[in-house]
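K.L.:
Quick one: structure below, then a few questions.
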Amino acid sequence: MRDFPGIAAGASLGDALKNAPLDTLENRILLGHALQLSRIQLITQSERLLTDDEAVRLTALYRRRLQGEPIAYIVGEREFFGLAMAVTPDVLIPRPDTELLVELALERLPQQGKALDMGTGSGAIAVAIAHTRPDADMTALDVSEGALKVAASNAQRHGAKVRFLRSDWYSALTGAVREFDLIVSNPPYIVAGDAHLAQGDLRFEPIGALTDHADGLSALRTIIDGAAGYLKNGGWLLMEHGYDQAEAVRELLARGGFTDVQSWNDLAGIARVSGGKIAI
Ligand code: GLN
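What follows is the structure, encoded as structure tokens:
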């Protein structure tokens, strides 16, 4: 096991930051996490010397990161929509792109509206909506028991009122016929065998949250096909999808009886969310 020069007992925090093996931002995150210090404290205490124990802890964190483990799993959280969300390897790490889905949902959710998040994972989407709109009646489902535990902890952490349900897509939604004003989802949409699955953070994330093990559209299709049975007349369905799936998703929506079918661009200018309004 290798050590990192500069990360040793007796080194100052300032020197440890300078000599650490990652980029500045990641160094700061890991040092802050290991020593339980805020960003500001890292600066004001830059003369403070690392203890033996701290150097050992820090070295272990750097080793994990250099082996590719996502920094969000190492520190156990990631910020989403301004809220710190707990994450574990049971859930996908929330992406900034997905904040677009939350914004679009918030614009369309009526007062006291009923919303459903399908495949909630960490609960990031549902918690962000319910936290912003305490009047909302929010339901979130996932097939993974492990994910639901993480999601429930995030709802509790932020005082967000969310009803959680273990369900394989619509299967456990008994008695929910035509009751939602809005359905949102960031489902697994990566095509089976896509090279990205073997790169970066994705290697460590739950495979079932990333790919449908098929053409990338099968979960999106299931959601679209079932939505009419659960949406009120005029209710919206909004889904995140892959960079090259917007046209296919719009076509599925149009064929499924949706109107106002459209796509919206993410921060990188890529059509990332598509949706429509159900008219029955
Ligand atoms: N946006 C994620 C990625 O490409 C995938 C998330 C998903 O499949 N829902 O890294």
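As numbered in our numbering, residues 926 to 1205 make up the sequence shown, in order.
Don't be surprised by glycine CBs; every beta carbon is placed ideally from N, CA and C.
Mind checking who Trp-1094 pairs with in its DSSP beta bridge?
P.N.:
Along the sequence shown, one-based indexing puts residue 1094 at 169. Trp-1094 pairs with nothing; no bridge assigned.
K.L.:
Beta carbon of Glu-1024, beta carbon of Ile-996: below 8 Å?
P.N.:
Within the sequence shown, numbered from 1, the residue matching residue 1024 stands at position 99. Within the sequence shown, numbered from 1, the residue matching residue 996 stands at position 71. No, these two residues do not count as a Cβ contact at 8 Å.
K.L.:
Mapping the DSSP letters down to three states, classify Ile-965 as helix, strand or coil.
P.N.:
As a working mapping, residue 965 is identified with position 40 in the sequence shown. Three-state result, Ile-965: helix.
K.L.:
Helix, strand or coil: which one does DSSP assign to Gly-1001?
P.N.:
Numbered from its first residue, the sequence shown carries residue 1001 at position 76. It is coil, neither helix nor strand.
K.L.:
On the three-pair Cβ rule with 8 Å, is the stretch 1050-1067 touching the stretch 1083-1102?
P.N.:
The stretch 1050-1067 vs the stretch 1083-1102: in contact.
K.L.:
Alpha carbon to alpha carbon, how far is Ser-963 from Ser-971?
P.N.:
Indexing the sequence shown from 1 puts residue 963 at position 38. Indexing the sequence shown from 1 puts residue 971 at position 46. Going by the C-alpha atoms only, they are around 12 Å apart.
K.L.:
Closer than 8 Å is the cut-off here; do at least three beta carbon pairs connect the stretch 1182-1198 with the stretch 1128-1138?
P.N.:
Contact between the stretch 1182-1198 and the stretch 1128-1138 is absent, because fewer than three Cβ pairs lie under 8 Å.
K.L.:
Could you give the residue range of the beta strand (DSSP E) that holds Gly-1159?
P.N.:
Against the sequence shown, residue 1159 aligns to sequence position 234. Element bounds for Gly-1159: 1156-1165.
K.L.:
Assuming Thr-984 and Ile-932 make a contact with CB atoms under 8 Å, what is their CB distance in whole Å?
P.N.:
As a working mapping, residue 984 is identified with position 59 in the sequence shown. As a working mapping, residue 932 is identified with position 7 in the sequence shown. Contact flag correct, Cβ pair sits at about 6 Å.
K.L.:
Using CA atoms only, rank isn't needed, just tell me which of Ile-1203, Leu-1177 and Glu-1172 is closest to Arg-1197.
P.N.:
Stepping through the sequence shown from its first residue, residue 1197 is reached at position 272. Out of Ile-1203, Leu-1177 and Glu-1172, Glu-1172 has the C-alpha closest to the C-alpha of Arg-1197.
K.L.:
Any idea what DSSP makes of Phe-1105, helix, strand or coil?
P.N.:
To locate residue 1105, count along the sequence shown from 1; it is residue 180. Here Phe-1105 sits in strand by DSSP.
K.L.:
Between Ala-941 and chain B, is the shortest Cβ-Cβ distance under 8 Å, so that the two count as touching?
P.N.:
No chain B appears in this structure, which consists of one protein chain only.
K.L.:
Locate the beta strand (DSSP E) running through Lys-1202, then write down its first and last residues.
P.N.:
The residue given as residue 1202 occupies position 277 in the sequence shown. Here the beta strand (DSSP E) through Lys-1202 covers 1196-1203.
K.L.:
Rank Ile-1203, Ala-1193 and Asp-1126 by C-alpha distance to the C-alpha of Trp-1161 and give the top, closest one.
P.N.:
On the sequence shown, position 236 is the one that residue 1161 refers to. Trp-1161 has its Cα closest to that of Ile-1203, out of Ile-1203, Ala-1193 and Asp-1126.
K.L.:
With DSSP as the reference, label Asp-1191 as helix, strand or coil.
P.N.:
In the sequence shown, residue 1191 corresponds to position 266, counting from 1. Looking at Asp-1191 - three-state DSSP - the assignment turns out to be coil, as it is neither helix nor strand.
K.L.:
What three-state label does DSSP hand Phe-902 in the structure shown?
P.N.:
The displayed coordinates of the chain run from 926 to 1205. Any statement about residue 902 would go beyond what the structure contains.
K.L.:
Hey, could you find the ends of the beta strand (DSSP E) Thr-1064 is sitting in?
P.N.:
Within the sequence shown, the letter at position 139 stands for residue 1064. From DSSP, the beta strand (DSSP E) with Thr-1064 extends over 1062-1067.
K.L.:
Compute the minimum distance between the beta carbon of Arg-1020 and the heavy atoms of the ligand GLN, and state whether it is under 7 Å.
P.N.:
Locating residue 1020 in the sequence shown gives position 95, counting from the first residue. Indeed, a heavy atom of the ligand GLN lies less than 7 Å from the Cβ.
K.L.:
For the stretch 1073-1091 against the stretch 1108-1128, are there 3 or more C-beta pairs whose distance is under 8 Å?
P.N.:
With the cut-off at 8 Å, the stretch 1073-1091 and the stretch 1108-1128 do not touch.
K.L.:
Less than 7 Å separating the Cβ of Leu-1145 from some heavy atom of the ligand MG?
P.N.:
The model depicted lacks the ligand MG and carries the ligand GLN instead.
K.L.:
Under 7 Å Cβ to Cβ from Phe-1105, same chain only, skipping five residues before and after it: list those, please.
P.N.:
As a first step, residue 1105 is located in the sequence shown; it is residue number 180 there, counting from the start. The residues are Lys-1039, Ala-1040, Leu-1041, Tyr-1155, Leu-1156, Lys-1157 and Gly-1160.
K.L.:
To the nearest angstrom, how far is it from the Cα of Ser-1188 to the Cα of Ser-1199?
P.N.:
On the sequence shown, residue 1188 is found 263 positions in, with the first residue counted as 1. On the sequence shown, residue 1199 is found 274 positions in, with the first residue counted as 1. If I take the Cα positions, the gap works out to 4 Å.
K.L.:
With DSSP as the reference, please indicate the residues paired to Phe-1129 in a beta bridge.
P.N.:
Position 204 of the sequence shown holds residue 1129. Phe-1129 is not bridged to any residue.
K.L.:
Taking Arg-1033 as the reference, which of Pro-1014, Ala-1049, Met-1010 and Ile-1054 has the closest Cα?
P.N.:
Residue numbering aside, residue 1033 sits at position 108 when the sequence shown is read from its first letter. Ranking the options by Cα distance to Arg-1033, first place goes to Ile-1054.
K.L.:
Measuring straight from C-alpha to C-alpha, what distance separates Leu-960 and Gly-1151?
P.N.:
Here residue 960 is taken as the residue at index 35 of the sequence shown, counted from 1. Here residue 1151 is taken as the residue at index 226 of the sequence shown, counted from 1. Cα-Cα distance, rounded: 49 Å.
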